[in-house]
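Numbering (the numbering used here), first residue to last: 164 to 436. C-beta atoms are modelled at their ideal positions from N, C-alpha and C, and glycine is treated no differently. The structure displayed is predicted, hence computed values, not measured ones. Read the structure below first, then the notes.
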């Protein structure tokens, strides 16, 4: 009986939503670690590439924002490519992604990536079955080339239930602040859940390699998912705290008042708040 009760408590804890106060405290702690990681990446000239994939509404954008909101955009660069142009459609498929891969001292985060071909393009008919199959055959070699060139490649899939996806998409429709997140493609793909599941499974089977494995994160609770992913990310790249080597001390300020500001008629922003 005690064992059964313990299992029930564990299940209850897993389904309990994370409170905002606890979430923000943990996120602040992780942000400090991300800054340490940033300094290490720059100092050691590391090349880091992070791929985020998942269904519409899985929480990719919010997770990426949580990762990047306290680090430098010159180091942590987010790539969210639009639909390919007519010219890009004639290029080698991976060509437009290659130019965005990280150089030394950079962390590049893909909000959807070359895996569009295995997901949305395949499901929505933007590529043929033969093109999708060829992509899945070649992508492990493409990623091995990346890793052997010195890129640290980390791939995340955010998994969300059909019920929670519906709730989030409906929330985007009802909230004017989030309406921009709902694309016409999101609406068209909404009733193709099983097709996306099949495409995901095929993608995992073909591209979950020892040199570039997939990591799945449950994102039913967005706050838990963000904390879990950031914690996991920090574990994938060994780093040290370099703050003692880059200690900043403000110099003594010179005397203020030697120069008198001119009475320029500035156009001031109205103070309405």
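7 Å Cβ shell around residue i - same chain, five flanking residues per side excluded
i           : result
residue 304 : none
residue 511 : Coverage of the chain is limited to positions 164 through 436, which leaves residue 511 absent and any answer about it impossible.
residue 387 : 181
residue 265 : 210, 211, 212, 271, 314
residue 427 : none
residue 298 : 256, 280, 281
residue 391 : 380
residue 249 : none
residue 402 : 199, 200, 203
Expected contact under 8 Å - CB spacing of residue i and residue j to nearest Å
i           : j           : result
residue 275 : residue 243 : 7 Å
residue 204 : residue 238 : 6 Å
residue 443 : residue 268 : Given a span of 164 to 436 for the chain in the structure shown, any question on residue 443 remains unanswerable.
residue 234 : residue 198 : 6 Å
Close Cβ partners of residue i (< 6 Å) along its chain, the five nearest in sequence each way excluded
i           : result
residue 219 : 349
residue 437 : This structure does not reach residue 437, given that the chain is present from 164 up to 436, and the question cannot be answered.
residue 186 : 386
residue 358 : 286
Buried/exposed call for residue i, threshold 16 Cβ in 10 Å
i           : result
residue 435 : exposed
residue 363 : buried
residue 175 : Interpretation of residue 175 is limited by its pLDDT of 46, a score under 50 that renders its predicted location unreliable; no figure is taken from the coordinates.
residue 396 : buried
residue 282 : buried
residue 389 : buried
residue 366 : buried
residue 258 : exposed
residue 368 : exposed
residue 429 : exposed
residue 295 : buried
residue 333 : exposed
residue 226 : buried
Within 8 Å, strictly: CB atoms of residue i and residue j
i           : j           : result
residue 213 : residue 314 : no
residue 229 : residue 190 : yes
residue 306 : residue 374 : yes
residue 356 : residue 325 : yes
residue 370 : residue 302 : yes
residue 202 : residue 345 : no
Of the residues the options, the one placed nearest residue i, counting alpha carbons only
i           : options            : result
residue 393 : 232, 208, 432      : 232
residue 342 : 401, 273, 331      : 331
residue 224 : 306, 329, 319, 430 : 319
residue 215 : 360, 277, 347, 326 : 277
residue 262 : 240, 206, 418      : 240
residue 446 : 328, 308, 247, 327 : The structure shown does not extend to residue 446, since the chain spans only 164 to 436, so no value can be given for it.
residue 377 : 399, 432, 359      : 399
residue 245 : 236, 226, 273, 227 : 273
residue 354 : 340, 336, 335, 328 : 328
8 Å Cβ shell around residue i - same chain, five flanking residues per side excluded
i           : result
residue 251 : 258, 259
residue 170 : For residue 170, the predicted structure reports a pLDDT of 44, less than 50, and the residue's modelled location is therefore unreliable. A value from the coordinates is still provided. Hits under 8 Å: none found.
residue 351 : 287
residue 361 : none
Closer than 7 Å: residue i CB and nearest the ligand HEM heavy atom
i           : result
residue 330 : Because no ligand of any kind appears in the structure shown, any question about the ligand HEM cannot be addressed here.
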